[in-house]
Each structure stands twice: as structure tokens, then as C-alpha cells.
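The numbering of the sequence shown is our numbering, which starts it at 12 and goes up by one.
Ideal Cβ placement from N, Cα and C applies to all residues, glycine included.
Note that the coordinates shown come from a computational prediction; the quantities given were computed from them, not determined experimentally.
Read the structure below first, then the notes.
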Amino acid sequence: MKLLNDIGKGIGKYALAPPARLLGRLGLSPTVFTIVGLGVSAGAGVAFAAGSLRLGGLLVLLAGFFDMFDGVYARVNEKASRFGAFVDSTVDRYSESAYLTGLIYYYASLQNKDMALLTVLVLIGSVIVSYIKARAESLIESCKVGLMERPERMIVLAVGCLIGGWFVFGSLLLLAVLVHITAVQRIVFTGRRLRRTRKR
12 MKLLNDIGKG IGKYALAPPA RLLGRLGLSP TVFTIVGLGV SAGAGVAFAA GSLRLGGLLV
72 LLAGFFDMFD GVYARVNEKA SRFGAFVDST VDRYSESAYL TGLIYYYASL QNKDMALLTV
132 LVLIGSVIVS YIKARAESLI ESCKVGLMER PERMIVLAVG CLIGGWFVFG SLLLLAVLVH
192 ITAVQRIVFT GRRLRRTRKR
């Protein structure tokens, strides 16, 4: 999964930086793009709730673009700040909850309890993984480890919804398992780092 992060960083560095610099001339805050991404995520949630899974998948990918772009924009225009990073992280939680809630609503309306429960497990795991990272980084320098960070989660869900059929079930099952494995990985990583710190 680290490969996806590396590819994303490459895209950010070489493809998104020029348009980010161009838009920087308008003097916009990076938070503008963060809020636009939230709106797109909410749109994905509405699409999912209405049963338009492919449209929802496309909107999740578009939301991922804005999630990547706001960080690039902040860096290349020297507008990065700790408060901006805090807002971005907070909005990310709302964004992910928005489209997953839409999917839960859709399956609940179909009375498909298994798929609704599977999506709930994904939502719980996503929130826990993000919480562990935030809590861990109050104790150690960084906790960016695990199989399923947010970009990977968005891609897996979007691809499953775009292909449709059993791939939706497969993507949700994969996410439901791997997000909780990621939570365990981060707990173990943090524990090891803390033990090393005590030994120094």
C-alpha cells in the first residue's frame, strides 16, 4: 500500500504543483479546497443513499483529488499552517463519514442488513484508525503506518463501486478487515516506539 502513497506524492509534486501555483495568485486559502472536498464527499453520500453507486464512486475519487490538492496548494504557496492541518484532518473525518453514511442508508433502505453492517464496520474502523493516529502523535513523533490509510480506503471503495456487482461487497469486506488490522498495526507501532523512548 505504500506504493499508492508514493504515487500520490509523485502526482502532487509534478502534476498538481503548477495549477496550485497558478491558483495561488488568487490568494485563496487552502481551506477553500478542503471545504470543496467536503461538499463533494457529501454529494457522494447523497448519490450512494439514492442508489447511484457508480456516481458515488466517481465523487469519492473527486473528493480524493481535492484532499490531495489542498495540501499541495498549501505547500507550494507557503500557506501551510498547523491550524490549517488541524482543520483539514477534522474535515477529512466528516468527509469519510458522509459518504459511508450514505452507503449505510442505501443498504438499510433495501433491508440488506449484512451489507449495512459491513459498511458500519468500515466506518467504525476508519474513525478508530484516524483516532489512534491522532492520539499516538501526541505521544510519539509520527504514526503514519498501516495497510489502509485514507487514500487507500477511498480508492478501494471507489473502484468497487465503479465496477459494481460483487466487487462492491468485495471492496467493503476488504476494507472491513484491513482497517481494523491497520488499527492493530498502529497500536503495536506506538507501543514499540514508547518502549524505545523509555530505554533511552
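Would you report the Cα separation of residue i and residue j, rounded to the nearest angstrom?
i	j	result
Gly62	Ser92	39 Å
Ala105	Lys124	The residue you asked about is not Ala; residue 105 is Tyr in the sequence shown. One C-alpha to the other measures close to 24 Å.
Arg203	Thr193	15 Å
Arg207	Glu152	13 Å
Ile115	Glu89	39 Å
Val83	Tyr117	34 Å
Ser40	Ala96	12 Å
Met165	Leu121	23 Å
Leu163	Lys155	Strictly speaking, residue 163 in this sequence is Glu, with Leu absent from that position. Distance between the alpha carbons of Glu163 and Lys155 is about 13 Å.
Leu111	Val188	16 Å
Arg180	Met126	The sequence shown places Phe at residue 180, rather than the Arg named in the question. Those two C-alpha atoms are separated by around 7 Å.
Val138	Val195	13 Å
Tyr25	Met79	13 Å
Under the assumption that residue i contacts residue j (Cβ atoms under 8 Å), give the Cβ distance between them as a whole number of angstroms.
i	j	result
Gly175	Leu64	6 Å
Gly113	Ala60	4 Å
Gly67	Ala58	4 Å
Between residue i and the rest of its own chain, which residues show a CB-CB distance below 7 Å, the 5 nearest in sequence each way excluded?
i	result
Val167	Ser182, Leu185, Leu186
Leu205	Leu150, Ile151
Ile198	Ile143
Among residues of its own chain, excluding the 5 on either side of residue i, which ones have a beta-carbon nearer than 6 Å to its beta-carbon?
i	result
Thr45	Asp81, Asp99, Val102
Phe178	Gly171
Ala31	Val83, Tyr84, Val87
Item checked: Given 8 Å, three or more beta-carbon pairs between the stretch 111 to 130 and the stretch 70 to 81 -> no
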